[in-house]
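What follows is one structure encoded as structure tokens, with my remarks underneath.
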Amino acid sequence: MRITDTSDLWWKTAVVYCLDVETFMDWNDDGVGDFEGLAHRMDYLNELGITCLWLMPFYPSPGRDDGYDVSEYYGIDERLGNFGDFVEMIRMARDRGIRVIIDLVVNHTSDEHPWFVQSRSSRDNPYRDYYVWRDTPPRGKQDVVFPDVEDSVWELDETTGQYYLHHFYSFQPDLNVTNPKVRDEVAKIMGFWLELGVSGFRVDAVPFLIDPTGVEHAEGALEDPLDFLKSLRAFLGRRSGDAIMLGEANLPHREQVRYFGGRDADGLTMQFDFIAMQNLYLSLARGDARPLTKALRGRPRIAVEAQWANFVRNHDELTLDKLSDEERQEVFAAFGPEPQQQVYGRGIVRRLPGMLGGDPRRIRMVYSLMFSLPGTPVLFYGEEIGMGEDTRVHDRTSVRTPMQWTNGPNGGFSNADPGALAAAIPDDGFSPAHVNASEQRHDPDSLLHFMKLLIHRYRASAELGWGELEILRQGSASVLVHTVSGGEGRMLALHNLAGDPVTTSFVLPDSGPDDVLVDLLVDGRTLTPGEGGKLSIPLDGYGYRWFRVLPTGSKRLG
1 MRITDTSDLW
11 WKTAVVYCLD
21 VETFMDWNDD
31 GVGDFEGLAH
41 RMDYLNELGI
51 TCLWLMPFYP
61 SPGRDDGYDV
71 SEYYGIDERL
81 GNFGDFVEMI
91 RMARDRGIRV
101 IIDLVVNHTS
111 DEHPWFVQSR
121 SSRDNPYRDY
131 YVWRDTPPRG
141 KQDVVFPDVE
151 DSVWELDETT
161 GQYYLHHFYS
171 FQPDLNVTNP
181 KVRDEVAKIM
191 GFWLELGVSG
201 FRVDAVPFLI
211 DPTGVEHAEG
221 ALEDPLDFLK
231 SLRAFLGRRS
241 GDAIMLGEAN
251 LPHREQVRYF
261 GGRDADGLTM
271 QFDFIAMQNL
281 YLSLARGDAR
291 PLTKALRGRP
301 RIAVEAQWAN
311 FVRNHDELTL
321 DKLSDEERQE
331 VFAAFGPEPQ
341 QQVYGRGIVR
351 RLPGMLGGDP
361 RRIRMVYSLM
371 FSLPGTPVLF
381 YGEEIGMGED
391 TRVHDRTSVR
401 TPMQWTNGPN
411 GGFSNADPGA
421 LAAAIPDDGF
431 SPAHVNASEQ
441 RHDPDSLLHF
451 MKLLIHRYRA
461 SAELGWGELE
471 ILRQGSASVL
481 VHTVSGGEGR
491 MLALHNLAGD
501 PVTTSFVLPD
511 SGPDDVLVDL
521 LVDGRTLTPG
531 EGGKLSIPLD
541 GYGYRWFRVL
551 PTGSKRLG
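Residue numbering for the sequence shown follows the numbering used here, starting at 1 and increasing by one per position.
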């Protein structure tokens, strides 16, 4: 499938907002967030300016991995509401121009899922081949995702005397997608939720989903495992036309091109740029833009129907696995020096404000940089107000604390007893007494208002979703100067990743004699490039500037 009508590519200029229903807003005061609470906060999300809501798993689950251990794909956790609540939430989102995508977690299930219960009941059960079984684990190095918790990806099942594959926790057996019946089940799951109004899926752990390693007799396997992604993309095209697959594929850039589907763009619609994200933190640790610059220059060209998803933090640990050991230690030392702030030997379990010591200059510079890069920005709930993590929790769930709405009890999340909450409220300098949405809504100098500005400027700058990146040469190692150019026009952005002020001089390519640069973030003042496009612009420590480049005769608003 190849999309030819680019007017349908809504995701190219979307602003995605990820949240966990369980920790967003509790409306019935049982301590757990719910769909009714989310629906009542839809106006807040609309006011923020987001255009796409990504929901973390809300399916029935034993809850041993925060819902990523799914025990029923066609249901809703009864603590969160029912299908009526879900559909009403979808309606309210649509009324405000907000699409909804949901987590598709199909590389594994819970060991309590009926498929696995049947699978382990006997070796000849019809569901046996829904999972991967071996008499003995294969020899060789094992790619354990959680080395702090698991020492093998194979678990002995006492009932049948065979081992089953689990790349993640032992209570999350891997599905066998070489089995055509499993592939059909995945398509049915997607079709079910599409009928209820979702606009696509964030596909969890894509490399593990399509990996046939460990399967001994894969009679129904596809010739190329990536063909499974292409078949799902084609299915979306038939059922919806404009639904998307946002893939979690933490891979080198060259491999991500294949996951997009190459030139045909018939694979994943969007992918997170983990390489740029990890190098952003290395640049922040050093106060040196060059690691990020190298990562951005290394982005391969992708088809117009594909898109990069830019992010600063997500719901998991801040993974640093693509950095060298020495680089990773630099980032650990700068942003997670305590052992309890690190996990799996590769990640940090903190949100951005805590890592940056709450420095508002640095925090705003980072988000300004993220929104200025070509691609689609993705926010994790609470980022817009600068929420921190629960320092008492020493794993990835430390960043999944309840949304902080007010400075009142439980941060306005719930009126339940604190002991009944889905997760504890932070009690440090980032607690609701210091960080909450209500107070920031009425403070024009707040981070929330700044994030609204970034979102609105991004949405009014179509070149950021569609355009081409060019990083300009200049003399300061701490500064990143780049342009993004497309059919709608061109913008220029400057970011100083160090704390010392600097004046950076550079040449704006293809600058006309009467071009004007309009400030987009501060006061709308204009600059005029000198002869040959020469510019010299001062930046404060952790300073940032956005400019719209308006050529002579342009009818575009500055």
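A virtual CB, placed ideally from N, CA and C, is assigned to each residue, including glycine.
When secondary structure is reduced to three states using DSSP, A334 falls in the helix class. Here the C-alpha atom of I189 lies approximately 12 Å from the C-alpha atom of G200. Distance check between I98 and each of L53, H113 and G140 places L53 closest, using alpha-carbon atoms only. In the pairwise beta carbon analysis, the stretch 193-212 is classified as touching the stretch 73-89: at least three pairs are separated by under 8 Å. Rounded to the nearest angstrom, the gap between the Cα atoms of A433 and P426 is 10 Å. Assigned with DSSP and collapsed to three states, Q340 falls in helix. When secondary structure is reduced to three states using DSSP, V399 falls in the helix class.
Fully contained in the stretch 179-224 are the following beta strand (DSSP E) runs of length 3 or more, in chain order: 200-203. Annotation: D26 to R392 spans about 23 Å, alpha carbon to alpha carbon. In this structure, the CA atom of R183 is about 8 Å from the CA atom of F228. For A437, same chain residues with a beta-carbon under 6 Å away, outside a window of 5 residues either side, are I385 and W405 in chain order. T159 is the residue among T159, A309 and F58 whose C-alpha sits nearest the C-alpha of D124. The criterion of a C-beta distance shorter than 7 Å is satisfied by F235 and A187. If you check the CB distance, R548 and V518 come in under 7 Å.
Separation of the CB atoms of K12 and G465 is rounded to 4 Å, and the pair is thereby assigned contact status at 8 Å. For N176, the closest alpha carbon among the candidates P147, D143, Q162 and G220 is that of G220.
A285 is the residue among L557, R301, A285 and K181 whose C-alpha sits nearest the C-alpha of A334. Annotated as proximal: G67 and P57, with beta-carbon spacing under 7 Å.
The residues H108, V145 and F146, in chain order, have a CB closer than 7 Å to that of F168 in the same chain once the five nearest residues on each side in sequence are set aside.
Secondary structure in the stretch 75-113: the beta strand (DSSP E) runs of 3 residues or longer, each lying completely within the stretch, are 99-104 in chain order. In the DSSP annotation of this structure, the continuous segment of the alpha helix (DSSP H) that includes N46 starts and ends at M42 to L48. The DSSP-derived three-state label of V484 is strand. Just measuring C-alpha positions, the residue of D69, R134, D43 and P138 sitting nearest D111 is D69. With a cut-off of 8 Å on Cβ pairs, the stretch 292-303 is in contact with the stretch 255-267, counting three or more such pairs. Rounded to the nearest angstrom, the Cβ distance from I101 to R202 is 6 Å, consistent with a contact under 8 Å. The straight-line gap separating the alpha-carbon atoms of E470 and Y164 is approximately 48 Å.
For G63, the closest of G37, Y127, F171 and L55 by C-alpha to C-alpha distance is F171. Shortest Cα-Cα distance from L453 to any of P212, I50, L38 and S431 involves I50. In this structure, DSSP gives I425 a state outside helix and strand, which the three-state scheme calls coil. Taking 7 Å as the cut-off, the Cβ atoms of V206 and E248 count as close. Between D204 and R233, the C-beta gap is not smaller than 7 Å, which leaves the two residues out of contact. The Cβ atoms of V149 and H166 lie no closer than 7 Å to each other. For V105 and P551, the gap between their C-alpha atoms comes out near 48 Å.
Taken through DSSP and simplified to helix, strand or coil, Q162 comes out as strand. Exclusion of the five residues before and after G357 leaves no residue of its chain whose Cβ lies closer than 6 Å to its Cβ. Assignment of H167 by DSSP, reduced to helix, strand and coil, places it in the coil class.
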